[in-house]
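Each residue of the sequence shown is one higher than the one before, starting from 2 at the first, in my numbering.
Glycine included, every Cβ here is placed at the ideal spot set by N, Cα and C.
Model, not experiment: these values are computed from the prediction.
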Amino acid sequence: MDFTAKTVLVTGAGGRLGREVCLRFAGCGASVGALDLSREAAEATAAACVRAAPERGHATALQADVADPDQVEAAVAACERDLGPVDILVNAAGIFPNTPLLEMDLAEWERVFAVNVRGTMLCCRAVATRMVARGAPGAIINFSSGASTSARAGAAHYCGSKAAVNMITQVLAIELGPHGIRVNTVAPGLVMGDVLHAGDTAASPYVASMLKMYPLGRTGAPSDIAGAVLFLASEELSPWTTGAFVQVSGGSHTGRPHVPLSRRDV
Ligand SMILES: NC(=O)c1ccc[n+]([C@@H]2O[C@H](COP(=O)([O-])OP(=O)(O)OC[C@H]3O[C@@H](n4cnc5c(N)ncnc54)[C@H](O)[C@@H]3O)[C@@H](O)[C@H]2O)c1
2 MDFTAKTVLV TGAGGRLGRE VCLRFAGCGA SVGALDLSRE AAEATAAACV
52 RAAPERGHAT ALQADVADPD QVEAAVAACE RDLGPVDILV NAAGIFPNTP
102 LLEMDLAEWE RVFAVNVRGT MLCCRAVATR MVARGAPGAI INFSSGASTS
152 ARAGAAHYCG SKAAVNMITQ VLAIELGPHG IRVNTVAPGL VMGDVLHAGD
202 TAASPYVASM LKMYPLGRTG APSDIAGAVL FLASEELSPW TTGAFVQVSG
252 GSHTGRPHVP LSRRDV
């Protein structure tokens, strides 16, 4: 894929998935705005982008809290000043604490929605406003999760916030489509530091039970997710795709893959 002359802004760029997305875009010729709450992490990713494509790589580090409207505005303005108008926005910033509702304080609930929902909305609004003002097409990819459609204990706030991201994406696909801006969602399955396969002794009991739900028999790698993001960003490969909810999950979203075939009544 070729993203030469494209500017990409990625939030959560210091994280496991955001960093890989940045590196893949850089390798395909894009200029990359690497935004993260952690300045250090944003700078590390921006430096890695330049190292990944030394002859053509342009990258800038942006520190901002996506939940804060003023910081988002300032970061998008800085990105455009350093790299030029943003063509592609990837909203990968997210937090995912695990706490049962009966033990959760209000601050934790509010912070998950502030980062995952308000943050996604603010970045979409800041970037799309500029795209529309200059009459340019664009692509936005929001990070959802398998948790947005499949509930799990401890994640009332997280599951709810990602379900909201799914619907916001569809609304924006309707509102921004007439401006030539495509808006899609990627929903990853479990991606950890290492890829673990069914039967791996390194898998914790939790991960081992999760692995029973993966028809492809392993957890994801950041590259699995980045590939889908670049596909959705590509005007060449997905020009007629908007409002899509792409589950990149090793098939874990399919239903009951862990239930064995039965040829008779139970
Ligand atoms: N890893 C998985 O298994 C998985 C599965 C499904 C969905 N997701 C989603 O993918 C996205 C990326 O996940 P990850 O695994 O890379 O997580 P991660 O924790 O490795 O990275 C998240 C990054 O977001 C940054 N961040 C957090 N709050 C921020 C804020 N307020 N403003 C700006 N940056 C902020 C963090 O500093 C971090 O660098 C998240 O939205 C997550 O919900 C991840």
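1. Verify the contact flag: V33, CB atom, against every heavy atom of ligand 1, threshold strictly below 7 Å.
2. Could you give the uninterrupted runs of the alpha helix (DSSP H) lying entirely in the region 23–60, keeping only those of 4 residues or more?
3. Taking only runs that begin and end inside the region 46–131, name each unbroken alpha helix (DSSP H) of 4 or more residues, in chain order.
4. Can you check whether the C-beta of A14 is within less than 8 Å of a C-beta belonging to chain B?
5. So what's L212 in DSSP terms, helix, strand or just coil?
6. What does a CB cutoff of less than 6 Å around S146 pick up in its chain, not counting 5 residues either side in sequence?
7. I'd like the span of the alpha helix (DSSP H) that includes G228, first residue to last.
8. May I have the straight-line CA-CA distance separating H59 from D71, to the nearest angstrom?
9. Give me, in chain order, the residues of the same chain whose beta-carbon lies closer than 8 Å to that of A1; leave out the 5 immediate sequence neighbours on both sides.
10. With 16 as the cutoff for other CB atoms within 10 Å, does D88 come out buried or exposed?
11. With distance defined between alpha-carbon atoms, name the residue in G28, L24 and D201 nearest to A43.
12. Going by the DSSP bridge assignment, what does T170 pair with across the sheet?
13. Is G139 helix, strand or coil when you go by DSSP?
14. What's the gap between the Cα of G85 and the Cα of T8?
15. Using only the alpha-carbon positions, how far apart do I182 and Q64 sit?
16. Measure the C-alpha to C-alpha separation of S250 and A108 and round it to an integer number of angstroms.
17. Would you say A78 and G19 are within 8 Å of each other, going by their C-beta atoms?
18. Return the chain-ordered list of same chain residues with a C-beta closer than 6 Å to the C-beta of L191, the five sequence neighbours on each side being excluded.
19. Does the beta-carbon of V247 have 16 or more other beta-carbons within 10 angstroms, so that it is buried, or is it exposed?
20. If we call anything under 8 Å between Cβ atoms a contact, is A47 one with A62?
21. Distance check for S235 and M2, CA to CA, integer angstroms please.
22. Would a C-beta distance cut-off of 8 Å place S149 and N167 closer than the cut-off?
Straight from the coordinates:
1. no
2. 40–53
3. The region 46–131 contains these whole alpha helix (DSSP H) runs: 70–84 and 107–114.
4. Here chain B cannot be found, since the structure has a single protein chain.
5. In the structure shown, L212 falls within a helical segment according to DSSP collapsed to helix, strand and coil.
6. K163 and A188, listed in sequence order.
7. P223 to A234
8. 25 Å
9. For residue 1 there is no data in the structure shown, the boundaries of the chain being 2 and 267.
10. buried
11. L24
12. DSSP lists no partner for T170.
13. strand
14. 7 Å
15. 26 Å
16. Their backbone Cα atoms lie some 30 Å apart in a straight line.
17. no
18. M211 and T220
19. buried
20. Yes.
21. 8 Å
22. yes
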